[in-house]
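Residue numbers (the working numbering), protein chains in the order written: chain A, 1230 to 1525; chain B, 4 to 253; chain C, 4 to 287.
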C-alpha cells in the first residue's frame, strides 16, 4: 500500500469517515476544554464522573435509546450523589467519592452483565467510535457550538479565577460560580464524548491535550487552540492506526492521546529558542526560571 | 466635616466555620489613609483581608468596605505557572467593570498598558508573569488594581521576599497611590516600616489596638500582638524599636 | 429476565466451588477490612483503586501467555506502589498524569486483549472477578495477604495512626514514619492483587474502601474502626457472594452495589449523631 492509499483508505469507508468526524468534533471542543480541566485540577472529578455515569449508559443501551441521553442522565445522578456524599463531614471527600463511584460503576456492570440481556459492556467501557450513530454526531456538533460559546463567554472569569482566586473575587467574580460552570460544561462534554470513547477511556480526550501542550502554552487561548489541534490530530491518528492495525478503535484514540501527553511531559519537542529570545528581549536581571513543575 | 469611613468594622468576627479566628474588630478607616496591619503569622491579617474582599462573611458584627477593594496577594498565592503575561494580568482589572462575558475592549487594553507604565513595567508587558521577579510581580498586581480603579487597596505583605531596591520602588508607588486619595491597607511583618503609616491596626486573633503609630507602636501593645515573636530593642516612651521573629510556613 | 428462586445456603455449601469462594471472600474480608481502615484513615482510596486498575494489562498478558496472573499483577502492583511512594515526596505527580497513566493501562490492556481473546468474557472476568473460577492458589495468596494485614496492623498500627494525625510530630518522636508508610503501601498493593481474581481489577475498592467507610460512620476509636470494617466487609462479601451465585453475576459488582447501598443507608441513619472523633491512643 503506498502512502496515498494509507491516507485515503479510511476515508473511503463510511464507517471510518464517521468515526473521524466524531473524533474531530470531540477533539476540537474537549481539547480546548482540557486546558481548564487540568488548570482547575479536575482530573479526579472528571474520572469519577466518567465511571459513575455507567449505569445511565447501560440503561440507555438496554432500552435502545440514544446513548448520549443515558450518559447525560447518568452524569447528573453521579454528580448529585457525589456532592451529597462529599458533604458528610465524617468522611473525607475523596473517600466518599470513591464509595459512590464504586457503587455506581458496579451497578452499571451489574445491569450489563445480568444474563439474558445483550451485553455491550465492552463498547460502553472502552468506546466504539466505529459504531457512532447520527445521534452521536449531532450531539458532538451541538457540543462544539454550545461548548464553544460557553468557553468564549467564560474565558475571562476562568482565567482570572485560575490565576488568583481571591483577586478574582475582588474583581467581582464569584470563584465558586465559575468552578460550577466549568463542572457543568465538563459533565456535558463527558456525556457526549463517552459514547465514542467509553467510560474508562474518555478521560484521555479531556486531560491529555492540555498536558501535551502545556510546556508551549504562551497564553490560555493559545493553549486551548493547541490542545484542540492536538486532540484532533491524535484522534485521527488513533482511527488510522485502528484501521490499518486492526486494534480497538476507542483504545487506539485514547492511547494516541496519552502518548502525546507523555511526549509533552518528557519535554518533547524542546523549546530552548523561545526562552532565549525572551531573555534577550526582556532585559531581565536574571535568566527566566522554568515555571515550577507542580503541573498546571 | 468628617467624610464617611471607607472601611468600617463594628464588633466583627471572622471564622472558617468553627470558632472565630479573628474577633473584636472595631475600627473606621477614613478615605485616603494608609493603614499598616501588624500581627504574627496566623494572627488574622489574611483573614481580615478575606473578609474585606467578601470571601468570608462575618460571623458576628459588621464589616463594610466602600466599593470593591483591590486585593494584591502575596505572590506565592498567585499561580506562577499560569501562562499569562504582565499585560494579561493588568487587563484582568477591567473585569471589575462588570461585563465579564465580553472580551476586553481597546480602551481597557490602553488602560492596562498605561498602568503598567505607571508602575515602571512598560517594557515587560509581554513577559510571562511567572518569569518576573518578586518585586515586579507585586507591581503588576498593583497595576491590575489601578486598572480596576479601586479606591481601596488591600496589600498582603507586599514587600515580603522583595529585594530592597524594588521595595523602594514599591513604596514610592504607595505614596503616589495615597496622593491620589486611595486608601491603602498594608499588612506587614516589619514593625519599623509601620511607623510611616497614618494608622496601625494590630491583630492577634483579635484586634489588639488601632490608632496612629505613636499610640500603637508602644511596648505593651507590640508584646500583646506578637507575644514571643517580638524582640524589643529600645525602652522608653513612644514608638519603640522592635524586630519580629518571622516564622514562615511553607 | 427471569430470576431463579434463591438457593438454600445448605445447597450451596455442598458445592466445592462455593466453599472455595466463601473461604476466599472471608480471607479477603479480613485483609480488606483491616487495610481498609488504614486506607480510609490515611486517605489512600484512590491508591487502592489505582493499584488494582494498573494491573489490568499485566493480567491480560499473563492470561494470554499462560503464566500465573498473580505474578504479573504483583510485579505491576508493587511497581505502582513503589512509583507512588517515590513521587509522594514531591508535590504530587499531578492528578492529571496519574489519571492518564491509568487510562493508558486500561487502553493497552484492551488492545492486547482484543488481539488475543476471542470473547469478551475473559476481559469481563479480569475486570469484575469470578465466583466460580477461584482456586486453591488464590485462597493461599489471600491467606498470606490477610496474615500480613493483621501482622502489619499489630506492629505498625500505632505508627500509621500517629502519622495520619500529625506527620511532623511522629517523625520527631522517632517513629519510622517513612518506612512504616512504605510498608502500608506495599501491603495495600499486595492485598489488592490478592483480591483481583474475586472482585476484578476495577472493583478493588468494593472490599477495600466501602466497608471501612461504612464502619467509619459508626466507629469509636481506631480499634472500633478495624473491627467494624472487617465485620462489614465480611457481611458484604458474604451477601455479594450469595447474590453472585444466585443471579449468575460476577462478585465484584455485586459487592460494590451492596456496599454502596449499605453505606447510603448507614449515612442516612447515623446522620443525626454528631461526629465521633477517633481517639489516637486506641491504635491497635
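All C-beta atoms, glycine included, are put in the ideal place defined by N, C-alpha and C.
Within 10 angstroms of its Cβ, does residue 1497 of chain A collect 16 or more other Cβ (buried), or is it exposed?
exposed
Would you kindly work out how many angstroms separate the C-alpha atoms of residue 17 of chain C and residue 116 of chain C, rounded to a whole number?
35 Å
In angstroms with no decimal places, state the Cα-to-Cα distance between residue 159 of chain B and residue 1426 of chain A.
47 Å
So which residues of chain C does residue 1273 of chain A contact, with C-beta pairs closer than 8 Å?
For residue 1273 of chain A, the chain C residues whose C-beta falls within less than 8 Å of its own C-beta are 49, 98 and 102, listed in chain order.
Within 7 Å (strictly less), CB to CB, does residue 1487 of chain A reach chain C?
It does; some Cβ of chain C falls within 7 Å.
According to DSSP, is residue 1269 of chain A part of a helix, a strand, or is it coil?
coil
Counting C-beta neighbours from all protein chains within 10 Å, is the total for residue 1394 of chain A 16 or more, i.e. buried, or is it exposed?
buried
Rounded to whole angstroms, how far is the Cβ of residue 150 of chain B from the Cβ of residue 70 of chain B, which I believe are closer than 8 Å?
Incorrect: roughly 14 Å between the Cβ atoms, too far for contact.
Have a look at A:1453, A:1450, A:1484 and A:1455 and flag the residue whose alpha-carbon is nearest the alpha-carbon of residue 1466 of chain A.
A:1484
For the beta strand (DSSP E) that contains residue 263 of chain B, what are its first and last residues?
Past the edges of chain B, shown from 4 to 253, lies residue 263 of chain B, and the structure says nothing about it.
Give every residue of the same chain whose Cβ lies closer than 6 Å to the Cβ of residue 95 of chain C, excluding the five residues on either side of it in the sequence, and list them in chain order.
Unreliable placement is indicated for residue 95 of chain C, whose pLDDT of 45 sits below 50; the coordinate value is still reported in the next sentence. For residue 95 of chain C, where only same-chain residues beyond five positions count, there are no Cβ hits under 6 Å.
For a contact meaning CB atoms closer than 7 Å, what does residue 51 of chain B contact in chain A?
Those do not exist, as residue 51 of chain B stays about 12 Å from chain A at its closest Cβ, beyond 7 Å.
Going by CA-CA distance only, name the one from B:193, B:91, B:21 and B:102 that's closest to residue 146 of chain B.
When only C-alpha atoms are compared, the closest one is B:91.
Quick check for students: name the residue ranges of the beta strand (DSSP E) that lie wholly in the segment 174-240 of chain B, counting only runs of 3 or more.
186-191, 202-206, 210-214 and 233-235
What are the residues in the segment 214-232 of chain C lying within 7 Å of chain A by C-beta distance?
For the segment 214-232 of chain C, residues whose beta-carbon sits nearer than 7 Å to a beta-carbon of chain A comprise 216, 219 and 220.
Counting contacts by CB-CB distance shorter than 7 Å, is residue 1389 of chain A in contact with chain B?
yes
Taking the beta strand (DSSP E) that residue 1357 of chain A falls in, what are its first and last residues?
Note, residue 1357 of chain A: premise wrong, no beta strand (DSSP E); not H, not E.
Is there at least one Cβ from chain A nearer than 7 Å to residue 43 of chain C's Cβ?
yes
Would residue 48 of chain C pass as a contact of residue 42 of chain C if the rule is Cβ separation under 7 Å?
yes
In chain order, which beta strand (DSSP E) runs of at least 3 residues are fully inside the segment 145-192 of chain C?
The DSSP assignment places no complete beta strand (DSSP E) segment of no fewer than 3 residues inside the segment 145-192 of chain C.
Looking only at its own chain, which residues have a Cβ that is under 8 Å from the Cβ of residue 22 of chain C, when we skip the five neighbours before and after it?
16
Rank C:12, C:168, C:38 and C:11 by C-alpha distance to the C-alpha of residue 187 of chain C and give the top, closest one.
Of the listed residues, the one whose Cα sits closest to residue 187 of chain C is C:38.
Would you call the CB atoms of residue 98 of chain B and residue 1385 of chain A closer than 7 Å?
yes
If you scan the segment 15-64 of chain C from start to end, which runs of the alpha helix (DSSP H) of 4 or more residues do you find wholly inside it?
19-44 and 48-57
Just to confirm before moving on: does the CB-CB distance between residue 1490 of chain A and residue 103 of chain C stay below 7 Å?
Yes, they are a contact pair.
Could you give the distance in angstroms between the alpha-carbon of residue 1357 of chain A and the alpha-carbon of residue 1481 of chain A?
11 Å
Would you tell me roughly how many angstroms separate the C-alpha atoms of residue 1417 of chain A and residue 106 of chain B, rounded to the nearest one?
24 Å
Is the distance from the Cβ of residue 204 of chain C to the Cβ of residue 130 of chain C below 7 Å?
Annotated as proximal: residue 204 of chain C and residue 130 of chain C, with beta-carbon spacing under 7 Å.
Which chain A residues sit within Cβ distance under 9 Å of residue 117 of chain C?
1351, 1355, 1475, 1476, 1477 and 1480
Of all the beta strand (DSSP E) runs that stay within the bounds of the segment 211-245 of chain C, which reach a length of 3 or more residues?
None, since the segment 211-245 of chain C contains no complete beta strand (DSSP E) of that length.
Any idea which residues DSSP pairs residue 17 of chain B with across the strands?
B:25
Using DSSP's beta-bridge definition, name the partner residues of residue 68 of chain B.
Bridge partners of residue 68 of chain B: B:10.
Run the CB neighbour count on residue 61 of chain C, radius 10 Å, all protein chains shown included, and call it buried at 16 or more, exposed below.
The residue in question, residue 61 of chain C, is buried, as its Cβ has 16 or more Cβ neighbours within 10 Å.
My output table needs one value for residue 1430 of chain A: the three-state DSSP class, helix, strand or coil.
Residue 1430 of chain A sits in coil when the DSSP states are folded into three classes, being neither helix nor strand.
Near residue 209 of chain B, what residues of its chain come up, given a Cβ to Cβ distance below 6 Å and the 5 sequence neighbours on each side ignored?
Counting only Cβ-Cβ distances below 6 Å, and skipping sequence neighbours, we find 26 and 27.
Against residue 1312 of chain A, what residues of chain C qualify as contacts under a CB-to-CB distance less than 7 Å, listed in chain order?
Result: empty, since nearest Cβ-Cβ is about 13 Å, beyond 7 Å.
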